[in-house]
Structures are given as C-alpha cells and as structure tokens.
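Below is one structure, written out as structure tokens; comments come after it.
Protein chains: 2
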Amino acid sequence: MQLHKFYSSLAIRNDKKIVVLLIDGLGGTSHKDYGYKTELEYADHPNLDRLASRGTTGMLTPVLPGITPGSGPAHLGLFGLDPISFNIGRGVLEALGIGIVPEPTDVLARGNFCTVNDEGLIIDRRAGRIPTDICEQRLALLRDIRVAGSDIELHAVQDHRFVLRLKGADLDGDIDNTDPGSVGAKPRPAKALTPRAETTAKIVNAFVDRALDRLKGQSAANALVLRGFSMLPDIPSFHELYGLRSAALAIYPMYKGLARTVGMDILDCGETFPDQLRTLETHWDTYDYFFIHYKYTDSCGEDGDFLSKVNHIETLDSYIDPLVRLDPAVLAVTGDHSTPAALKSHSWHPVPLLLVSSTCRRDGSTAFTETVCAKGGLGHMESKYLMGLLLGHALRLEKFGA
Amino acid sequence: MQLHKFYSSLAIRNDKKIVVLLIDGLGGTSHKDYGYKTELEYADHPNLDRLASRGTTGMLTPVLPGITPGSGPAHLGLFGLDPISFNIGRGVLEALGIGIVPEPTDVLARGNFCTVNDEGLIIDRRAGRIPTDICEQRLALLRDIRVAGSDIELHAVQDHRFVLRLKGADLDGDIDNTDPGSVGAKPRPAKALTPRAETTAKIVNAFVDRALDRLKGQSAANALVLRGFSMLPDIPSFHELYGLRSAALAIYPMYKGLARTVGMDILDCGETFPDQLRTLETHWDTYDYFFIHYKYTDSCGEDGDFLSKVNHIETLDSYIDPLVRLDPAVLAVTGDHSTPAALKSHSWHPVPLLLVSSTCRRDGSTAFTETVCAKGGLGHMESKYLMGLLLGHALRLEKFGA
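Each protein sequence line maps, in turn, to chains A and B. Plus 3 on top of the position in the first sequence (first one is 1) and you've got the numbering used here. Plus 3 on top of the position in the second sequence (first one is 1) and you've got the numbering used here.
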C-alpha cells in the first residue's frame, strides 16, 4: 500500500492543530570561514533552542541519502507523499512558481527564448538573457496563435524564460524536450514519448512552427525551445486523505502552488513573517493544519551568503514566541532541504527537525542545530514519514491492527 | 523478495542461543508529573544499565513513524514479519487472547452481546456490560445451533464479549462487520466482501437468525453483533524459515497465541517472572530461540499508572542477572511498542532496544533508557529487522553474495 494511503486508512478527526514551520533550505554544511560551523550552528537562536529542550529532535532525509531535491520533491515529501512516485515536472513547477494553478488536464512546459542563426542553428541558448519586458514583447507576438485541439496560454517568467500552458480535454504531457541542450544544433520537433501524447505533440509543433515564423527577423530571441512537458500529478488532498482542513501561509508563488497540489487553502499573508503570523492568528480556528513557509534562508544559501542566512535564522528566531503562544497540539520546525552557503545550491544533506507536542518524548536536546538533531530522539527518517509523525502526535491516527 | 524470505535464504544452523526479553509496552513519554522523565528513565535498573555497557543499544519503530500498533502487528514485527503485509484480524487475536489457536481454515469473529428494542434497533451496544457468567448463560442458549457447512464454536471472553469460531473446509473471512457501530440501528446482515466469502456469510447469517430467535425475550443481551472476521494469516514458522527450535515463555494467552503463529512451542511457565526464568533454565538445551514475554509494564501504562510501571521495570531488573548467567549467544531486551502512562494507551513512539552478544560492537551506552537508546550504536530501525539482527549476531546467517 502507498504510504499516504496507509496513513489515510488510520486517520481520525479531532480538534488538535498541527503547525509546520518550514525554513526553506535550512540545513547547512561546515563552512571553513566560520569555524567549520553551519549557518544554524553559527546563528544565535535562543528561542528555537528553548523549544528544542521542550521537544524532541531528529533528521529528515528529503528523498534518499545523497539525493539533492528540487523544491517539488522536497515539499511533496514533507506533505507525506513519496517524492519519487509523485514527481512534479518542470513545466508544472514553473507554472506554480508564477502563481498559475494548473488544471489536472493541462499540459505545461518551460519555454526559453533562444537565438538562432540563418540556418536555424542555436547560437545562444538564453538569447543573451533578454530582460523580462523583452520576453513579454516576444510573447505578445505569439499570443494570438490558434491551434485546433487546445487553448494556448503564454506567461512570462523572468529574463528569457516563459511558461507554455496547453488547455484541452485530451492532452498528454509525455513529450520529449525540444531543447537540444547545446548550441550549434536546431531546436527539435516535439516528440511524443507514448502514443497517447501524439496529438499533443502535433499541437505543440503546429504552435512552434507558427511561432518561429513570427519571431523570424528579430536579431535576438528569434526562436524558442521547450522542456519539462508535464501535467499535475494526481495528488489526493489533505482533506480527502486525513480529514484535515489545511492552509498555507507562503509568500512566494511556487510554495503556494505546491501547497495547492495537496488541497491546502492559500491564505493571503502579506510580505513578511510577522504578516504571516498575524494571518495565522486570524485563521487559527478555521483550520487543523498550517504550513508556514519561510523563504529567505534558501535564497541566501543559494547566493553563498553565509552571514545573511545566519541573520535570517536569527530574525526568524525572534518571532518564535508568538507562534508558540498559539499553543498548537503539534509544532514542527524543519526545512524542505539543505542549502549550504558553502555550496551555493540545494544539497542532499539531511534537514534538522524539531517537534514539540505534549505527546513528545523529550530527548535532552538543548539546541536546535544539525549536530544536536543528528543525535535526537526521533532518529533519521525520510521526509515522507513526517506527515504520519505529525498525525500520530496529534492523536489523529487510530491504532493499527488489533 | 519479502524480508523474512531474504533472511531465510541465508539462514544456517548452529548451537548459538538467542533470547528475546520482551517488556510489553516498554517505551514511555516525558511525564510532566515526574520531571518530564519516562518510566524507564525514572526507574532504577542498575542491572539493565550494566548490561547496556556490555552491549549496544538502538531504537525500534514498531511499524512506521506515527503508527500506533496493536499487539498483533507489534509482535509480528519483532518476529521478523512485515507487520503491514501480515495483519492479524481482531477475531483471530481475540481467539488467541483466550487460548484458542485457530486452524488455518477457521474463520473467527469477535462477538458482542447487545440489547435491542422491540423494533430490533440497538439501544445498548454492550448490553450493559453483562457479567461474564451471564455471557456464558447466553452462549449456552446458542451452542446447539447447527448450520450446514461449518462447525460453530462459541467462547466467552469477558463481560459481553465472546468469540465465534467457524470450522470448515471452504470458509473465507472476508466478511464485513455486522456491528453497525452505533445505537439506533439494527445489526446488519453479514456481507461477503469478496465472492469467495459468500458461502461463509450465508452460514453466519443462518447462525445469527437462529441465535436472535433464541435470545428474544431476554431483557438485556437479547441480540448480538460480530466484527473483525478473520483467518490466521499464512505465516511460516521459525523452524521452516531459520531452522530455529523456538519456544515462548508467556503468561497471557494472547502472547502465547501470537508466538504460536510463527510456530513456537508454548512452554508452561507459571505466573511470575521467576517462574518464567526457571522454565527457561529447564528447557535451555532444547531450544535455540526463547521469547520471554513480560506483560505488567503494558497494563500499568494502559492504566496511566506511572509509578506502577516504574515498579515493574525495577522488579524485572532485579531478575536480570539469572537470565544473563545463562549466557545466551545473543540477548535482546526490548518492547513490542510503547505504552506511556501519560497517554494511557499504546503509542507510536519508538521502543528502546538493548542487544548483548560477544559479537557486539559496544557503543559506549551506560544506561538502558529511551534517551540513551535513541543515540545508540544500532541506530533506529523498524522492528521487522530485529530478527535478522539477532540471527546475524548469532552467526546464523551466511554471507550474502560472493
């Protein structure tokens, strides 16, 4: 039986509230410039530490040892889904990232404007990273292209990147990239990887042919490539699975979109963590499960800015008390993955987990750091088990077997 | 390959003895009235602690994180079976609990006497919890009911509860509960959930119809409902799988029954732990694997009696030395699940494990507590892996692969 269905088969309803505070990219690695400490070890976070002494800690492995997850698998794991079975394609993720919530019948692809020479060979895969407004201008040239069998939407993302959304009744996303992946080659025609996707591939090719006609003559960004054709995976909602009324408090569109895939309500929660907290308080009685997404730690990690990540951890720490005072039955503080400043990217390192509940077994943790969590009472587990652990601590799972 | 078959494929015989001391419901949670300690942390158990310093510790997760197991899955896990694949139904477990060891062809159900009004609607689902002797009297009214296709046995359990056992050649237990689960409804007819179970459902309904006739006119306990129809899962024995001559030293019938499902001999072992130890000594040469079940810790946990659970742990500790002096090649001390007094029920928390063997890698543990075991050298693992670990330490598994 699939893990989420197993947990679902035991789910019962009660009035206990679960809060997950997700600190994006939380985990770090030992940084040689900072005494071989991680950002979390270097930062001063007395409130999180105090919380650790009231709870129990552990480590979450986002997917499997050594696997660096994208945001999609990392979040699906935390939402209790096996992130290998339920992969979210790049096209869908890109759409979620700009606030589009696809219909289950849509096909989405990530598009890149590129520049080709007179023979149609790609000479710049990113079209000189044209500014977003030029991207918008190019898309405007293409918006009235009509192809039978599908409505076509085009959405600028940033620079040369855009999203192609096909809407229709019988579409299928099992289509290979048209991006040849290197300069000196022509964009490839869209190719169906299964018979079911052949009609969709024809639609894509009809669109691309007409788009290339219209882009002809531009000095840069005179062609396009598509990749990551995908559809929304068929994901059951938290309410269907667990009877949880769930809400997401996320500022960035992608995380709202990811939360939407498991049926969370997306609350309008402002621009800052204090805004998110106020939104949480306002909606406290309406939901059973709250997902609070704190983004800035990840961005600093990606930038390689160790001290800025430290700073954002410390800022977050200063707002922990109002959260704790709401007294959720279960509070989990963790990350979706690690983003060590030393690596300037997502990484495979396990992520610290802190769980506080009256049903906890306190494990003697006195701080919230990687080193403490690695020896914590919850041990190490894959992120996909967190959902069951939260439900268990909230007494929302009945006994398995007699 | 199923886990137990994989271990089985490598099993070899030797003269090394394995002893599993199972302390039922061993694990606890932090209790606010006792300095946020667990029962095991609060108790004084110098002998177990000394044993820990000679061995290696770890944590067992009975099923999966967050899952609270019943006794059936919890024990099957410790016996090396995947507790999700090999679930034991309530009917079978109830039978095991009163000392019935079902044949693989039997169908068993848990029965409840209930009270219905003149229209046949349930007004008391437990018939006022009639005393067991009244339950016996009601069953006596029903014992000579004969239905073609099956022999029917009825066994009182306690209060209004009894076991229905159907014996026959072609029975199938895939039958829905007749218990509607609420007052104001009529008992439902037995309904086959698969075509194979239709004949059995008809037999059940024929029995119930005649039983209701005979119960008519009683002021209470004038009807019955059945639930948890089930058959013994097809479980291979320890001897078949591992060549182990195995014996159980359990006082309570259910644990004898569970041990019987994997083919253990059930030794008559008296009423107390010292009795169990004497029985162990007597049969030391006859078996390779001994399963000693210590029940009282679970019962106290269920009662919410923290200090009594502490007391039973301390009592058990005082008898550890005679056990150690028998010098088994491998001694494991663990639980089937946690039963924290703070929760008054089984729980999902992982269970401490202590393993002592000359083949151990000592991990520096100096006590046997949840906090120590959570950081122990064996790490955290699902209970179903314990069997392989025991066989490994007993040098009873040959090398896998060249």
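We put the beta carbon where it would ideally sit given N, CA and C, even for glycine. What you are looking at is a predicted structure, and each value in this text was computed from that prediction instead of being measured.
### Query
Applying the criterion that 16 or more other CB atoms from any shown protein chain within 10 Å of the CB defines a buried residue, is A/I15 buried or exposed?
Around the beta-carbon of A/I15, fewer than 16 other beta-carbon atoms lie within 10 Å, marking it exposed.
Note to self: Measuring CB atoms only, is the stretch 72-81 of chain A touching the stretch 210-220 of chain A, in the sense that at least three cross pairs come out at less than 8 Å?
What the structure shows: Contact between the stretch 72-81 of chain A and the stretch 210-220 of chain A is absent, because fewer than three Cβ pairs lie under 8 Å.
Looking at C-alpha atoms only, which residue of B/R149, B/L43, B/R113 and B/E284 is the closest neighbour of B/N180?
The option with the nearest alpha carbon to B/N180 is B/R113.
Self-check item: Backbone secondary structure at A/S360 - three-state DSSP
Solution: A/S360 falls in the strand class under three-state DSSP.
- Query: When you compare only the Cα positions, how much space is there between A/R168 and B/G92?
  - Reply: Straight-line Cα distance between these residues: approximately 50 Å.
| Do the CB positions of B/I254 and B/K219 come within less than 8 Å of each other? | The Cβ-Cβ distance between B/I254 and B/K219 does not fall below 8 Å.
Worksheet item: What is the C-beta distance between B/G61 and B/G380, in whole angstroms, given that I count them as a contact (C-beta under 8 Å)?
Response: The Cβ separation is near 7 Å, so the contact holds.
Does the beta carbon of B/A112 sit closer than 8 Å to a beta carbon anywhere in chain A?
Against chain A, the CB of B/A112 has no partner CB under 8 Å away; the residue lies outside that interface.
Contacts that B/P76 makes with chain A (C-beta to C-beta distance below 7 Å):
Within chain A, the residues near B/P76 are F403 and G404.
| task | Check whether the Cβ of B/M62 lies closer than 8 Å to any Cβ atom in chain A. | result | The beta carbon of B/M62 falls within 8 Å of a beta carbon belonging to chain A, placing the residue at that interface.
Next item on the list: Kindly give me the distance between the Cβ atoms of A/H163 and A/R132, rounded to whole angstroms, as I take these residues to be in contact under 8 Å.
Entry: About 6 Å separates the beta carbons of A/H163 and A/R132, which is inside the 8 Å limit, making them a contact pair.
inquiry  = At the level of alpha carbons, what is the spacing between B/L144 and A/A405?
reply    = Using only the alpha carbons, I get a separation of about 29 Å.
**Study point:** Whether A/D271 touches A/N50 by CB criterion (8 Å)
**Key:** Taking 8 Å as the cut-off, the Cβ atoms of A/D271 and A/N50 do not count as close.
key: Where the beta strand (DSSP E) containing B/G59 begins and where it ends   = A small fix is needed here, since residue 59 of chain B is Thr in this sequence, not Gly. It spans T59 to T64 - the beta strand (DSSP E) in which B/T59 sits, taken as one unbroken run.
Indicate whether the contact test is met: 3 or more Cβ pairs, each with one atom in the stretch 222-233 of chain B and one in the stretch 244-251 of chain B, closer than 8 Å. These segments do not touch.
Which runs of the beta strand (DSSP E) at least 3 residues long sit entirely within the stretch 149-186 of chain B? Give them in chain order.
Entirely contained in the stretch 149-186 of chain B, the beta strand (DSSP E) runs reaching 3 residues are, in chain order, 154-161 and 164-170.
Q) Residues in the stretch 349-382 of chain B with C-beta within 8 Å of chain A's C-beta atoms, listed in sequence order? A) Cβ contacts with chain A: H349, S350, W351, H352, P353, E373, T374, A377, K378 and G382.
Q. Below 8 Å, can you find three or more Cβ-Cβ pairs linking the stretch 18-30 of chain B to the stretch 351-370 of chain B?
A. By the Cβ test, the stretch 18-30 of chain B is in contact with the stretch 351-370 of chain B, since at least three Cβ pairs between them sit closer than 8 Å.
Q | 6 Å CB neighbourhood of A/A200 in its chain, flanking five on each side removed | A | Contacts found: D175, D177 and I178.
Check your understanding: Does any C-beta atom of chain B lie closer than 8 Å to the C-beta of A/G1?
Key -> The structure shown has nothing for residue 1 of chain A, since chain A only spans 4 to 405.
Spatial distance of A/R217 from A/V150 (CA atoms) = Whole-angstrom Cα-Cα distance: 15 Å.
| request: For the alpha helix (DSSP H) holding A/V119, just list the boundary residues, first then last. | output: Not the alpha helix (DSSP H): A/V119 falls in the beta strand (DSSP E), residues V110 to V119.
Q) Comparing alpha-carbon positions, which option in A/F89, A/D127, A/E122 and A/S153 lies nearest A/D109? A) Of all alpha-carbon atoms in A/F89, A/D127, A/E122 and A/S153, the one lying nearest the alpha-carbon of A/D109 is that of A/S153.
*Which ranges would you report for the beta strand (DSSP E) in the stretch 298-386 of chain A if only whole runs of at least 3 residues count?*
Whole beta strand (DSSP E) segments, 3+ residues: 333-337, 354-360 and 383-385.
- Reducing DSSP to helix, strand and coil, say where B/V265 ends up. B/V265 sits in coil when the DSSP states are folded into three classes, being neither helix nor strand.
Q. Under a Cβ-count criterion, where at least 16 other Cβ atoms within 10 Å of its own Cβ denotes burial, should B/E42 be classed as buried or exposed?
A. The residue in question, B/E42, is buried, as its Cβ has 16 or more Cβ neighbours within 10 Å.
I want to verify the contact list: residues of chain B whose CB lies under 8 Å from the CB of A/L167, in sequence order.
Going along chain B, no residue has its Cβ under 8 Å from A/L167, so there is no contact; the nearest lies around 40 Å.
Compare the C-beta of A/Y292 with all C-beta atoms of chain B and state if any pair is closer than 8 Å. Taking 8 Å as the threshold, the shortest C-beta distance from A/Y292 to chain B does not fall below it.
ask   = The alpha helix (DSSP H) with A/F210 in it runs from where to where?
value = Where A/F210 is concerned, the enclosing alpha helix (DSSP H) stretches over E201 to L218.
Q.
Please identify the residue among B/G83, B/D36 and B/A223 whose C-alpha is closest to the C-alpha of B/D121.
A. Among B/G83, B/D36 and B/A223, the Cα nearest to that of B/D121 is on B/A223.
Cα-Cα, which of B/N225, B/C376, B/S341 and B/R57 is closest to B/Q140?
When only C-alpha atoms are compared, the closest one is B/N225.
What does B/S386 reach in chain A if we use C-beta pairs closer than 7 Å? Here the premise fails: no neighbours, minimum Cβ distance about 13 Å.
Spell out a yes or no on whether the stretch 83-100 of chain A and the stretch 254-265 of chain A are touching, meaning 3 or more CB-CB pairs, one atom from each, closer than 8 Å.
A contact between stretches requires three or more CB pairs, one per stretch, nearer than 8 Å, and the stretch 83-100 of chain A meets this requirement with the stretch 254-265 of chain A.
* Rounded separation between B/A193 and B/A130 - CA only -> Going by the C-alpha atoms only, they are around 20 Å apart.
> B/L24 and B/I269 look like a contact to me (Cβ under 8 Å); what is the Cβ gap, rounded to whole Å?
Replying inline: Not really, about 17 Å apart at Cβ, beyond 8 Å.
Give me whichever residues DSSP pairs with B/P68 in a beta bridge. Beta-bridge pairing by DSSP links B/P68 to no other residue.
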